[in-house]
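Which chain is which? The protein sequence lines are A and B, in order. Residue numbers for the first sequence follow the numbering used here, beginning at 1 and rising by one. Residue numbers for the second sequence follow the numbering used here, beginning at 1001 and rising by one. For glycine and all other residues, C-beta sits at the position ideal for the given N, C-alpha and C. Have a look at the structure below before the remarks.
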Amino acid sequence: MDWENTSHFLSSLLFWVPWILFSLGLWLLSSKLDWKRRWLAWIPGLRYAAFGHALDLDRDGVICGALEVLFLPAGVLDASDFSNRAIMALFLLTLVLQIIVFIYRIRLFLRLVLLFGVKKRWVILWIFCKWLPLLILALGKRYQPLEGIKFGEDWEAGTKPAEHTGAAANRPEMSDSGLSVDLRERVARDFLKKRYLLQDISLDIPNGSLVMLLGGSGSGKTTFVNALIGYEKADADIRLNGRDVYKDYDQVKYRIGFVPQQNLIRGNDTVKRTVSDAALMRMDASLSSADREKKVADVMDLLGLTAGCDGLVAKKSGGQLRRISIAMELVADLELFVLDEPDSGLDGVIAREIFTKLRAIADEGKIVIVITHTPDRVVDLFDKVIVLARNKSRVGQLAFYGSPAEARAFFGKDTMEGIVMSINRKEEGGEGRADELIQRFSLRNAAGEEKARAAL
Amino acid sequence: MNEKIRYRGRIAQTFIYLGKLLRMFVYQSDWKVLPMGAVITAVVTLVVGTYLFVTQEGTLTGTFALTCVCIWNGFFNSIQSVCRERSIVKREHRAGLHVSAYVAAQMLYQLLLCLAQTVITLIIFRLTGVKMPVVGIITPWGVVDLGITILLVTYASDMMALMISCLVRTTTTAMTVMPFMLIFQLVFSGTFFTLEGFASKLSDLTISKWGLNSMCAIGRYNEQPMVTLWNTIFKFKDVDVFGQKPLLEIIQLAEKEGYRDQFLLWSGSYNQNDAFVSTAGNLLRCWGNIALMLVVCVSVAVIALKFIDRDKR
């Protein structure tokens, strides 16, 4: 055997032996990771995707897998032939990609380290010889995945659908007046995972109602609101005064106002022009300019923005900015008005003042839905309360819909904050009664409160 | 409520947003780009303006510098214009704003800015005594042809920056990407770095190359004298050959008999560049390529912004 053949044989050996050992390590480890298709450990590309999936790092796994497949043809490149610019460029590109995949592989291994509860210094071993720690973790009986470990908040949140409460089946005919919601489910794709964000929310809100939307952090309030206003469509029938919000979205969206949590307004324009531009954009184009100006003046007057309306938005206080943000939506001829934490960052007096304005807006016949985290200081102004809760599968469901007084009776709490605490998980300092309350409310809806009590 | 209501369409929205941008020009101090551009042009003109449109070397260096100024101005005009208010645009898009109307308003506003910068550049040229091309190629006036080129280069760069601003989500990312785009434009302009093969093809995708070619064509580069050869000979004037200095004698004779200018023109005739030929066809081709890039950038900007709803909360 001449030197060239020996060299070729050795380089092949150096490539294939670690490759086989790494695959073997993955294959052995897969039983500890509850990995169903263990044979994937031997398929280039797919083995990383499966590895990442097992560690709840789908994206990282797929990137590593894709790059591994990409590197296979790169292996045939003769890197010494730098006279060929194309080969040099490919070589450099491969080098850059190798650095990227190196970082992603470390992320995967760090997750493995966390899962097995071993020291982070194992990563050093992984860097130099990535098959060795895999084999040790796979074969060592003392190394087992830690019980009950959860990788952050999103480990398995919403990956399994909740049991249907039957709310949709039990709901009466949709009303042609007010807002009728029949949301079966709202699903999102999180890379390779299908996540159920909301399920089984059915309710009817009459016109002229001021509605409070309550729920713990991550219970799906904003997702619900986005589905409600047609911005992010769900598997649902949503009707606003008889019109299908999804099918007629291009028209209905002008009847729906949404005030986001942040003050998303250009600071370097005057208050008056900001509101009047919003009116130009959102009002019926056939209206005369006099009518439009009157509407702008009325809205600004209602929200107390007339004084100093020629000043720049950037110079206004937090409370004024919230009111400008509300005015920008209110100038449209709204039927549904949704506000995401309009009192965020405001003191009690100013917050109360804003809610009083919202009460006045609702009294004009509009439906006003408000998400708030400080409900008790203003609950007396509200007609209805919607409570969303995350069930054991971490899917947002309807835990209650009714008047504030009914809510207090249903949850057995004196305050709205107490209600939120009762549905929050125990890890969050709550009582962890979400599943019980969702079920109870569903039964109450289906068969009346008396029957529900008897059943439980 | 079931009657179909007519809301303002794209054209009306464009002018609503143009008005908004014009007000912000005053309130947000966007006007500062004008004096900033003027200062940059003045500095560059003081350095390279003396031989601009006078000699081939001066024209090449000067037009390259001028192209850089235009690209710099264009980039700075709009690099942050969309990404800095991205979340606001997302809110407005939700409330009925047409992305195409928003981009069209930005285009019109930026066009006004670029027009003002072009006028300022030409005024500074006049004030600093730059010898301007007299006869134009497309129009009867060289200064108008030059103005159109400056406007096109600035505006195309502006639209390229607008595209980046629509593609990225934060001003930090935009300001990180900008230097790379700028360096790409300068290195691949094909003037000071010899480009071959693929790199040469790549230079066809730069605004700088077509801008520089246009300006050299308008400045009639191929008809100008070349001084490099004369200067090189001058450097060797003291070379001693058998006790004599023949090069010095030749130089003195040429200067005395008035052959120097003829020599410069003669040497220039051997340094002509087909890309700089002063014909209407060549100039229109250069302008067309810049305009094409402009259209591509705007299209990408609109498409990119169409996906604004996918931005995470």
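Quick one, which of A:Arg-377, A:Met-328 and A:Gly-25 has its alpha-carbon nearest Trp-131 of chain A's?
-> Residue 131 of chain A sits at position 131 when you count from the first residue of the first sequence. If we check each option's Cα against that of Trp-131 of chain A, A:Gly-25 comes out closest.
Distance CB(Thr-1128 of chain B)-CB(Leu-1229 of chain B) smaller than 8 Å | Counting from 1 along the second sequence, the entry for residue 1128 of chain B is found at position 128. Counting from 1 along the second sequence, the entry for residue 1229 of chain B is found at position 229. No, these two residues do not count as a Cβ contact at 8 Å.
For Phe-265 of chain A, go through chain B and note every residue whose CB falls closer than 8 Å to its CB, in chain order.
-> Stepping through the first sequence from its first residue, residue 265 of chain A is reached at position 265. Contrary to the premise, residue 265 of chain A reads as Ile rather than Phe in this sequence. Below the 8 Å Cβ cutoff, chain B contributes Ile-1088 as neighbours of Ile-265 of chain A, in chain order.
Output yes or no for whether 8 Å exceeds the beta carbon distance between Ala-327 of chain A and Arg-1008 of chain B.
-> The residue given as residue 327 of chain A occupies position 327 in the first sequence. The residue given as residue 1008 of chain B occupies position 8 in the second sequence. Taking 8 Å as the Cβ cut-off, Ala-327 of chain A and Arg-1008 of chain B do not qualify as a contacting pair.
Excluding five sequence neighbours on each side, which residues of the same chain lie with their C-beta closer than 7 Å to the C-beta of Leu-1247 of chain B?
-> Position 247 of the second sequence, counting from 1, holds the residue named residue 1247 of chain B. Ile-1233, Phe-1236, Lys-1237 and Val-1239, listed in sequence order.
Limits of the unbroken beta strand (DSSP E) element including Gln-397 of chain A | Here the question's residue 397 of chain A lines up with position 397 in the first sequence. Counting along the chain, the beta strand (DSSP E) containing Gln-397 of chain A begins and ends at 396-402.
In chain order, what residues of the same chain lie with their CB nearer than 7 Å to the CB of Ala-279 of chain A, ignoring the 5 residues before and after it?
-> Numbered from 1 along the first sequence, position 279 holds the residue referred to as residue 279 of chain A. Listed in chain order, the non-local C-beta contacts of Ala-279 of chain A below 7 Å within the same chain comprise Arg-292, Lys-295, Val-296 and Val-331, local neighbours out to five positions each way being set aside.
Is the shortest distance between the beta-carbon of Leu-1097 of chain B and the beta-carbons of chain A less than 8 Å?
-> Position 97 of the second sequence, counted from the start, is the residue given in the question as residue 1097 of chain B. Chain A contact via Cβ: present.
Starting from the C-beta of Arg-1126 of chain B, find all residues in its chain whose C-beta is less than 8 Å away, skip the five residues before and the five after it, and write them out in chain order.
-> Here residue 1126 of chain B refers to the residue found at position 126 of the second sequence. When the five nearest sequence neighbours on each side are left out, the beta carbons in the same chain lying within less than 8 Å of the beta carbon of Arg-1126 of chain B are those of Met-1132, in order along the chain.
Compute the beta-carbon to beta-carbon distance between Ile-419 of chain A and Arg-433 of chain A, rounded to the nearest angstrom, for a pair I have assumed lies under 8 Å.
-> Counted from its first residue, the first sequence places residue 419 of chain A at position 419. Counted from its first residue, the first sequence places residue 433 of chain A at position 433. Taking 8 Å as the upper bound for CB-CB distance, Ile-419 of chain A and Arg-433 of chain A are not in contact here, some 10 Å apart.
Nearest-angstrom Cα separation, counted from Pro-1179 of chain B out to Ala-1065 of chain B = The residue given as residue 1065 of chain B occupies position 65 in the second sequence. The residue given as residue 1179 of chain B occupies position 179 in the second sequence. One C-alpha to the other measures close to 16 Å.
Taking the DSSP output, what are the residues bridged to Ala-236 of chain A?
-> By one-based count along the first sequence, residue 236 of chain A stands at place 236. The partner list for Ala-236 of chain A (beta bridge, DSSP) reads A:Leu-183.
Beta-bridge partners of Lys-1209 of chain B, as assigned by DSSP = Your numbering for residue 1209 of chain B matches position 209 in the second sequence. DSSP output for Lys-1209 of chain B lists no bridge partner at all.
Where the alpha helix (DSSP H) through Ser-1200 of chain B begins and ends = The sequence position of residue 1200 of chain B within the second sequence is 200, counting from 1. Where Ser-1200 of chain B is concerned, the enclosing alpha helix (DSSP H) starts and stops at 1197-1203.
Where do the N-terminal and C-terminal ends of the beta strand (DSSP E) with Ala-389 of chain A fall, by residue?
-> Along the first sequence, read from residue 1 onward, the residue named residue 389 of chain A stands at position 389. Looking at the DSSP string, the run of the beta strand (DSSP E) that includes Ala-389 of chain A is 384-390.
What beta strand (DSSP E) runs, 3 residues minimum, are completely inside the segment 191-278 of chain A?
-> When DSSP assignments are scanned along the segment 191-278 of chain A, the uninterrupted stretches of beta strand (DSSP E) that are 3 or more residues long and fall wholly within it turn out to be 193-205, 210-215, 235-240 and 256-259.
Chain A residues whose Cβ lies nearer than 9 Å to that of Gln-1110 of chain B | What you label residue 1110 of chain B is simply residue 110 of the second sequence in a count that begins at 1. The contacting residues do not exist; Gln-1110 of chain B stays about 17 Å from chain A at best.
Close-in-space but distant-in-sequence residues of the same chain around Ile-1290 of chain B (CB under 8 Å, 5 per side omitted) | In the second sequence, the residue the question calls residue 1290 of chain B occupies position 290. Result list for Ile-1290 of chain B: Leu-1152, Val-1153, Ala-1156, Ile-1207, Trp-1210, Gly-1211 and Ser-1214, in chain order.
Could you pull out every residue in the same chain whose Cβ sits closer than 6 Å to the Cβ of Leu-1182 of chain B, ignoring the five residues on either side in sequence?
-> As a position in the second sequence, residue 1182 of chain B is number 182, starting the count at 1. Answer for Leu-1182 of chain B: no residue qualifies.
Can you name the residues that DSSP bridges to Gln-1252 of chain B?
-> Residue 1252 of chain B sits at position 252 when you count from the first residue of the second sequence. The partner list for Gln-1252 of chain B (beta bridge, DSSP) is empty, contrary to what the question assumes.
Under 7 Å Cβ-Cβ, which residues of chain B neighbour Lys-253 of chain A?
-> By 1-based counting over the first sequence, the position of residue 253 of chain A is 253. Ordered by position in chain B, the residues that pass the 7 Å Cβ test against Lys-253 of chain A are Gly-1096.
Excluding the five sequence neighbours on either side, which residues of its own chain have a C-beta within less than 7 Å of the C-beta of Leu-1186 of chain B, listed in chain order?
-> What you label residue 1186 of chain B is simply residue 186 of the second sequence in a count that begins at 1. For Leu-1186 of chain B, where only same-chain residues beyond five positions count, the Cβ hits under 7 Å are Cys-1068 and Ser-1208.
Count the other CB atoms, across all protein chains shown, that sit within 10 Å of the CB of Thr-1191 of chain B; report buried if there are 16 or more and exposed otherwise.
-> For the purposes of this step, residue 1191 of chain B is taken as residue 191 along the second sequence, with counting starting at 1. The residue is buried, with at least 16 neighbouring Cβ atoms inside 10 Å.
Is the number of C-beta pairs between the segment 380-395 of chain A and the segment 194-203 of chain A that are closer than 8 Å three or more?
-> Short answer: they touch.
For Arg-282 of chain A, I'd like the list of residues in its chain whose CB is within less than 7 Å of its CB, leaving aside the five on either flank, ordered along the chain.
-> Counting from 1 along the first sequence, the entry for residue 282 of chain A is found at position 282. The answer, listed in chain order, is Tyr-254, Val-331 and Ala-332.
Own chain partners of Gly-1037 of chain B with C-beta closer than 7 Å, once the 5 adjacent residues on each side are dropped | For the purposes of this step, residue 1037 of chain B is taken as the residue at position 37 of the second sequence. The beta carbon of Gly-1037 of chain B sits closer than 7 Å to those of Asn-1073, Gln-1117 and Ile-1120, all from its chain and outside the five residues before and after it, given in chain order.
Any idea if Trp-126 of chain A is buried or exposed, counting beta-carbon neighbours within 10 angstroms, 16 or more meaning buried?
-> For the purposes of this step, residue 126 of chain A is taken as the residue at position 126 of the first sequence. Label assigned to Trp-126 of chain A: buried.
Take the Cβ of Val-1082 of chain B as the centre, count every other Cβ of all protein chains shown within 10 Å, and call the residue buried at 16 or more, exposed below.
-> Position 82 of the second sequence, counting from 1, holds the residue named residue 1082 of chain B. Counting Cβ neighbours within 10 Å, Val-1082 of chain B comes out buried, since at least 16 surround it.
Cβ atoms of Phe-109 of chain A and Val-123 of chain A: under 8 Å apart, would you say?
-> As a position in the first sequence, residue 123 of chain A is number 123, starting the count at 1. As a position in the first sequence, residue 109 of chain A is number 109, starting the count at 1. In contact: Val-123 of chain A and Phe-109 of chain A (Cβ atoms closer than 8 Å).
6 Å Cβ shell around Ile-1161 of chain B - same chain, five flanking residues per side excluded | What you label residue 1161 of chain B is simply residue 161 of the second sequence in a count that begins at 1. Correcting the residue type first, residue 1161 of chain B is Ala in the shown sequence and not Ile. Closer than 6 Å at the Cβ level, and outside the excluded window around Ala-1161 of chain B, lie Phe-1075, Ser-1078 and Ile-1079.
Which term fits Ile-265 of chain A, buried or exposed, when burial requires 16 or more other beta carbons within 10 angstroms of its beta carbon?
-> The residue you call residue 265 of chain A lines up with position 265 of the first sequence. It counts as buried.
Indicate whether at least one CB of chain B lies closer than 8 Å to the CB of Tyr-231 of chain A.
-> One-based indexing of the first sequence puts residue 231 of chain A at position 231. By this cut-off, Tyr-231 of chain A is an interface position.
In angstroms, rounded to a whole number, what distance separates the CA positions of Leu-346 of chain A and Ser-180 of chain A?
-> Counted from its first residue, the first sequence places residue 346 of chain A at position 346. Counted from its first residue, the first sequence places residue 180 of chain A at position 180. Each residue's Cα considered, the two are about 32 Å apart.
Applying a beta-carbon distance threshold of less than 7 Å, which residues of chain A neighbour Ile-1016 of chain B?
-> Here residue 1016 of chain B refers to the residue found at position 16 when the second sequence is read from its first residue. At a C-beta separation below 7 Å, Ile-1016 of chain B has these neighbours in chain A: Asp-277, Leu-280 and Met-281.
Of the listed residues A:Trp-42, A:Ile-136, A:Phe-258 and A:Ile-99, nearest to Ile-367 of chain A (C-alpha basis) | Position 367 of the first sequence, counted from the first residue, corresponds to residue 367 of chain A. The residue with the shortest Cα to Cα distance from Ile-367 of chain A is A:Phe-258.
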